[in-house]
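Take a look at the structure below.
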DNA sequence: ATCTTTTATTTCATTGATGAAATGTTTTCT
DNA sequence: AGAAAACATTTCATCAATGAAATAAAAGAT
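Chains as they are written, first to last, in the working numbering: chain A, 502 to 680; chain B, 502 to 680.
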């Protein structure tokens with residue numbers, strides 16, 4: 502619960518000191534990656550705190566939002582796993598919970614009967630519509646003082662970073678580039 | 502384990518569709534906050550994967566790095582809790598594990614004997630020095646294609662975002678502004 | 001000198017995530 | 001038709017994080 506800014510200051514100093522001992526360290530990049538991690542997890546905490554009153558955690562919320570945002574309000578467990586970065590076991594558990602609360606339904610797929618079709622229910626839609634608007638002021642406040650250009654830049658840079666991260670995880674770790 | 506870029510594309514479309522139903526939604530800001538969340542957690546996954554071979558998770562690593570980066574190589578449980586965003590219970594557990602591996606030591610504080618002084622050991626320093634350098638290529642690769650100006654901008658924007666997040670969590674949630 | 005606060009640990013119960021393996025159904029391949 | 005692959009669930013075991021409450025030691029306040 503400590504101040505993010507304070508943590509960042511201390512990270513800056515820490516990296517400064519470490520890089521005097523290990524000068525090959527890419528200092529600017531190390532700082533940036535710590536920044537992304539810190540801001541990301543702080544934002545996640547903030548979001549989780551606001552979801553808790555609705556008895557949802559981030560995974561539940563994401564699952565529900567994906568369904569809500571679909572033109573036909575449905576998806577499959579496999580697809581939901583992919584987009585929520587959850588394992589199949591977890592998704593089954595999440596879906597069980599949401600079904601129990603009447604926010605989604607499960608039924609057999611029509612085209613491919615191996616798949617399960619997960620639909621958001623009217624109650625699920627109502628919940629989303631009720632809980633989203635109160636979040637808007639905070640979302641806007643997060644970017645207070647950002648010009649339109651700032652937002653464009655941040656978006657561009659984060660997307661570029663995402664692209665690089667994709668490259669990284671495709672090619673495995675240090676050992677050797679495949680082929 | 503899905504492609505980040507693919508997830509981002511689908512998020513873009515999803516927010517586009519949601520905002521036609523709920524037009525008051527701050528679309529650009531919602532996209533940005535999702536971006537930060539997604540990139541942050543992807544980076545975290547990547548990091549955890551590289552720590553695993555050393556039997557460390559993110560919290561362990563952070564704790565160790567804070568100690569390593571301190572001029573005198575020590576801190577207290579309370580301070581470590583603050584900077585790692587961990588509860589006291591967790592920090593005790595983390596410290597126990599690191600002590601057991603001989604990476605840190607605990608001893609009573611001198612000035613204030615309520616505090617426990619946690620020191621990084623020589624073995625702890627060796628571990629850090631062994632594991633950091635192999636990370637550098639990936640850290641650099643993450644920011645491939647970033648100009649110096651790009652890095653400065655990203656740093657500035659993330660810090661501004663951090664500042665706004667601090668404001669947000671100080672003033673509580675929707676109900677009413679205190680005073 | 002006593003009362004209160006701070007600091008850390010211990011204990012306990014709970015929750016969420018995680019991963020492996022076995023199962024069952026359906027589709028696809030040949 | 002029969003073998004193989006895909007999809008989802010179930011079961012099971014485990015681990016990390018979490019939070020509350022009790023405990024203990026030391027410092028600070030009045």
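Just so it is clear, CB atoms sit at the ideal spot from N, CA and C, and this is done for glycine as well.
query, result
"Taking the alpha-carbon positions, what's the residue 580 of chain A to residue 591 of chain B distance?", "34 Å"
"Can you tell me whether residue 612 of chain A is buried or exposed, with buried defined as 16 or more other CB within 10 angstroms of its CB?", "exposed"
"Chain B partners of residue 530 of chain A, CB-CB under 7 Å?", "640, 641, 643 and 644"
"Using the C-alpha atoms, what's the distance from residue 526 of chain A back to residue 625 of chain B?", "18 Å"
"Residue 577 of chain A by DSSP, collapsed to three states: which one?", "coil"
"Would the region 567–583 of chain A and the region 643–658 of chain A be scored as touching if the rule is three or more Cβ pairs under 8 Å?", "no"
"Which class does residue 627 of chain A belong to by DSSP, given the choice of helix, strand or coil?", "helix"
"Which residues in chain A sit within 7 Å of residue 664 of chain B, going by Cβ to Cβ distance?", "506"
"Per DSSP, which one or two residues make a beta bridge with residue 621 of chain B?", "B:605"
"Exposed or buried, what is residue 634 of chain A when buried is set at 16 or more other beta-carbons lying within 10 Å of its beta-carbon?", "exposed"
"Start and end of the alpha helix (DSSP H) containing residue 663 of chain A?", "649–671"
"Could you please tell me which residues of the region 511–538 of chain B, in chain order, have their CB closer than 9 Å to any CB of chain A?", "511, 512, 514, 515, 516, 517, 518, 519, 522, 523, 525, 526, 527, 529, 530, 531, 532, 533, 534, 536, 537 and 538"
"Note down, one range per segment and in chain order, each alpha helix (DSSP H) of at least 4 residues found wholly within the region 508–578 of chain A.", "528–552 and 559–570"
"According to DSSP, is residue 615 of chain A helix, strand or coil?", "coil"
"Pull up the distance between the alpha-carbon of residue 532 of chain B and that of residue 512 of chain B, whole angstroms please.", "8 Å"
"Can you give me the C-alpha to C-alpha distance between residue 641 of chain A and residue 615 of chain A, rounded to a whole angstrom?", "42 Å"
"At 9 Å on the CB atoms, spell out the chain A contacts of residue 578 of chain B, in chain order.", "The contacting residues do not exist; residue 578 of chain B stays about 14 Å from chain A at best."
"Under three-state DSSP, which class holds residue 504 of chain A?", "coil"
"Run the CB neighbour count on residue 561 of chain B, radius 10 Å, all protein chains shown included, and call it buried at 16 or more, exposed below.", "buried"
"Judging by CA-CA distance, which residue of A:660, A:518 and A:522 is the nearest neighbour of residue 631 of chain B?", "A:522"
"For the region 536–560 of chain A, enumerate the residues whose C-beta is nearer than 9 Å to any C-beta of chain B, in chain order.", "536, 537, 538, 539, 540, 541, 542, 543, 544, 545, 546, 547, 548, 550, 551, 554 and 559"
"Using beta carbons (cut-off 8 Å, strictly below), is residue 600 of chain A in contact with chain B?", "no"
"If contacts are defined as beta-carbon pairs under 8 Å, then residue 539 of chain B and residue 516 of chain B qualify, I think. What distance do you get, rounded to the angstrom?", "12 Å between Cβ atoms; not a contact."
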